[in-house]
Amino acid sequence: MGAVLSYLGSILSYLFGASTAEEDSALDGQPGVTAFHSSARWQLHFNSIKNTTQLMVIDFAASWCGPCKAMEPAVHAMAAKFTDVVFAKIDVDELRDVAQEFGVQAMPTFVLVKKGNEVDRIVGAKKEELQRKIEKHRR
Amino acid sequence: MNQTRNRLKSLFKARNFVGLATTSIVAASFSTTATPKLATATFTAMEELKTRVCIIGSGPAAHTAAIYASRAELKPILFEGWMANDIAPGGQLTTTTDVENFPGFPEGIMGGDLTEKFRAQSVRFGTRVYTETVTKVNFSKAPFEIFTDSKRVVADSVIVATGAVAKKLNFAGSDTFWNRGISACAVCDGAAPIFREKPLAVIGGGDSAMEEANFLTKYGSKVYIIHRRDSFRASKIMQGRALSNPKIEVIWNSVVEEAYGERVVGGLRVKNVVTGEVSDLKVNGLFFAIGHEPATRFLDGQLELDSDGYVVTKPGTTKTSVRGVFAAGDVQDKKYRQAITAAGTGCMAALDAEHYLQEIGAQEGKSD
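Taken in order, these protein sequences are the chains called A and B. Per full-length UniProt numbering, residue 1 is the first one in the first sequence, and the count goes up by one each step. Per full-length UniProt numbering, residue 1 is the first one in the second sequence, and the count goes up by one each step.
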């Protein structure tokens, strides 16, 4: 499954130009959280996960949001730990329409999605709650 | 893969790359009656650490103290908190954008960037920084004890630099719509889609309120500043910027009585405190920018506080009511409350602590 998706991903990267798949962080080179900078790429990614039973965690953040930055290492750690879960990061300034679609009201907001439907949500920098809900929904 | 996983593990536990000096894992029961139970007993493993100076806080005061203490080879431990008081490590500066009055930055610097620099400087000189919140302390005897959920630190001296907590107002709807249109951090939440091109309101009259109102005009269609008096206490330059911004309108002598709406805030009832008139204001966002109160609850009364909750320090020093415990920054400063004055008192605290350690070292004939 992972191989198919990454193959799809590389085709898409080729089609859409320069890849911005890596999250800026101290963990450069560590795949785990994919940042999206265009609605088109996001839509493709979202649709490709929709047909699987994989849990997706979407991290909605803003550039000057202190609590968002505070959560970053925790989110990366969870992405490395829960390798069967897909992690995506969306800047609400860059992808306003996506943030609007998901009704984001405060940052950070983590939306858990399965088969294209929201199964849970965490509003605020709540590490334990996020971990608990990921563990609950990942199966 | 294993290497990165290990790197991640250590990163997750302690956010510094200087090894821990002395640690020992001690299993301890949490109840004070140490009657040994049988197989059902649960042990809480607390990591035990020792230090000459423990610093509680993450803002300019705490990090300046850490820089001086670490350069004095006191091997300080600093607890920056995990979202302590709902503020990210770095403190109040993480809730603001442009900082233009901290000396050394003629082009200005973003609050979050400035706090990152403070932290990097502390770490550079060997400060052990833990992203954990201090839950309780014991200053009844020396050496002092500082607890988090996973650590017990035994310290010869302590510097309390926990800063202040953003004030919120209480009125009908303020709880219901919390994080659903009402927030205490415009910079954190202003970019949310519910505020885009919508009328917003800021309550406050200081520099922060001016800064946040200006910031919000990037997102909202209009920003009202609701202030309970007829003049701002903000600096002239910040007042000027806010008042000359075409998207900002000030509502003087007014307070919010109620916030109403459906899924998110739809409007406010605003009362003019001079005329008594109550009017309706259609906004989709409300941000508190009314200042902060000192974060002293965790001290549980072990340090003398003044009537407003600030730690009392001996004038001209950072000494508190407990010998060996020092306080720096907003937690003990009612008057100035600036990043640079906090940094100044942080330095004073480190020097006071160093002096104290020399005194007790001389008394007990210790050498370390």
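Backbone N, C-alpha and C fix where the C-beta goes; we use that ideal spot for every residue, glycine too.
Would the beta-carbon of residue i fall within 8 Å of that of residue j?
i, j, result
"B/Arg-119", "B/Met-46", "no"
"B/Gly-329", "B/Ala-61", "yes"
"B/Phe-139", "B/Val-312", "no"
"B/Phe-177", "B/Val-274", "no"
"A/Val-75", "B/Pro-193", "no"
"B/Val-129", "B/Val-123", "yes"
"B/Pro-294", "B/Ala-164", "yes"
"B/Ile-251", "B/Ile-290", "no"
"B/Thr-304", "B/Ser-279", "For clarity, residue 304 of chain B is Glu in the given sequence; the question names Thr instead. No."
"A/Met-107", "B/Cys-54", "no"
"A/Phe-46", "A/Val-111", "no"
"B/Val-99", "B/Gly-91", "no"
"B/Ile-67", "B/Thr-51", "no"
"B/Gly-111", "B/Thr-135", "no"
"A/Lys-89", "A/Thr-52", "no"
"A/Val-85", "A/Ile-134", "yes"
"B/Ala-186", "B/Phe-144", "no"
"A/Lys-126", "A/Lys-50", "no"
"B/Lys-168", "B/Phe-298", "no"
"B/Pro-103", "B/Ile-340", "yes"
Could you compute how far the alpha carbon of residue i sits from the alpha carbon of residue j?
i, j, result
"B/Thr-64", "B/Asn-101", "17 Å"
"B/Ile-25", "B/Ile-146", "Bear in mind that a pLDDT of 39 at B/Ile-25, under 50, signals an unreliable position, so the model cannot answer this."
"A/Lys-81", "A/Gln-54", "15 Å"
"A/Phe-87", "A/Val-113", "10 Å"
"B/Ala-161", "B/Asp-306", "16 Å"
"B/Ala-191", "A/Glu-94", "10 Å"
"B/Gly-344", "B/Lys-282", "44 Å"
"A/Ala-40", "A/Gly-66", "28 Å"
"B/Asp-175", "B/Ser-70", "43 Å"
"B/Gly-267", "B/Ala-201", "10 Å"
"A/Gln-105", "B/Ser-235", "31 Å"
"B/Ala-166", "B/Ile-203", "12 Å"
"A/Ser-48", "B/Arg-269", "47 Å"
"B/Ala-213", "B/Arg-229", "17 Å"
"B/Asn-284", "B/Lys-247", "15 Å"
"B/Lys-141", "B/Ser-157", "11 Å"
"B/Phe-105", "B/Gly-301", "39 Å"
"A/Trp-64", "B/Asn-170", "27 Å"
"B/Thr-97", "B/Asp-86", "18 Å"
"B/Val-223", "B/Glu-249", "6 Å"
"B/Gly-206", "B/Ala-342", "18 Å"
"residue 159 of chain A", "A/Leu-130", "As displayed, chain A neither begins before 1 nor continues past 139, which places residue 159 of chain A out of reach and without an answer."
"B/Tyr-260", "B/Leu-286", "11 Å"
"B/Ala-327", "A/Arg-132", "37 Å"
"A/Gly-103", "B/Pro-199", "18 Å"
Exposed or buried, what is residue i when buried is set at 16 or more other beta-carbons lying within 10 Å of its beta-carbon?
i, result
"A/Gly-17", "Note that A/Gly-17 has pLDDT 48, beneath the 50 cutoff, so the model's placement of it is unreliable and the number below is only indicative. When all chains shown are included, A/Gly-17 counts as exposed."
"B/Lys-335", "exposed"
"A/His-37", "exposed"
"A/Thr-109", "buried"
"B/Glu-211", "buried"
"A/Gln-43", "exposed"
"B/Glu-132", "buried"
"B/Gln-358", "exposed"
"B/Gly-220", "buried"
"B/Pro-89", "buried"
"A/Thr-83", "exposed"
"B/Asp-308", "exposed"
"B/Thr-35", "Below a pLDDT of 50, predicted positions are generally treated as unreliable, and B/Thr-35, at 46, falls in that range; the measurement from the model is reported next regardless. It is exposed - the Cβ of B/Thr-35 has fewer than 16 other Cβ atoms within 10 Å."
"B/Lys-218", "exposed"
"B/Ala-28", "Its pLDDT being 38, under 50, B/Ala-28 is placed unreliably in this model, and the value from its coordinates should be taken loosely. With fewer than 16 Cβ atoms within 10 Å of its Cβ, B/Ala-28 is classed as exposed."
"B/Arg-196", "buried"
"A/Lys-136", "exposed"
"B/Ser-231", "exposed"
"B/Ser-244", "exposed"
"B/Ser-208", "buried"
Should the segment 71-88 of chain B be called in touch with the segment 65-80 of chain A, which here means at least 3 C-beta pairs below 8 Å? yes
Whether or not the segment 87-106 of chain A and the segment 112-128 of chain B are in contact is what I'm after, with contact meaning three or more pairs of Cβ atoms, one per stretch, closer than 8 Å; do they touch? By the C-beta criterion, the segment 112-128 of chain B is judged not to be in contact with the segment 87-106 of chain A, since fewer than 3 inter-stretch pairs fall below 8 Å.
Could you pull out every unbroken beta strand (DSSP E) segment of at least 3 residues lying fully inside the segment 222-285 of chain B, listed in chain order? Correct list: 222-226, 248-251, 254-261, 265-272, 278-281.
Any beta strand (DSSP E) of 3 or more consecutive residues that is wholly inside the UniProt domain "Thioredoxin" (12-139) of chain A: 33-36, 55-61, 86-91, 109-114, 117-123
Evaluate contact between the segment 348-358 of chain B and the segment 178-198 of chain B, counting only Cβ atoms and requiring at least three cross-stretch pairs below 8 Å. no
Determine, using beta-carbon pairs with one atom in the segment 233-245 of chain B and one in the segment 253-262 of chain B, whether at least three such pairs fall under 8 Å. Segments in contact, no.
Per the contact definition of three or more C-beta pairs closer than 8 Å, is the segment 337-350 of chain B in contact with the segment 316-323 of chain B? yes
With a floor of 3 residues, list each beta strand (DSSP E) that falls wholly inside the segment 140-226 of chain B, ordered by position along the chain. 144-147, 151-160, 164-166, 199-203, 222-226
Quick one: which unbroken beta strand (DSSP E) runs of 3-plus residues sit fully inside the segment 68-92 of chain B? Chain order, please. 77-79
Runs of 3 residues minimum, wholly inside the segment 301-329 of chain B: which ones carry the beta strand (DSSP E) assignment? 325-327
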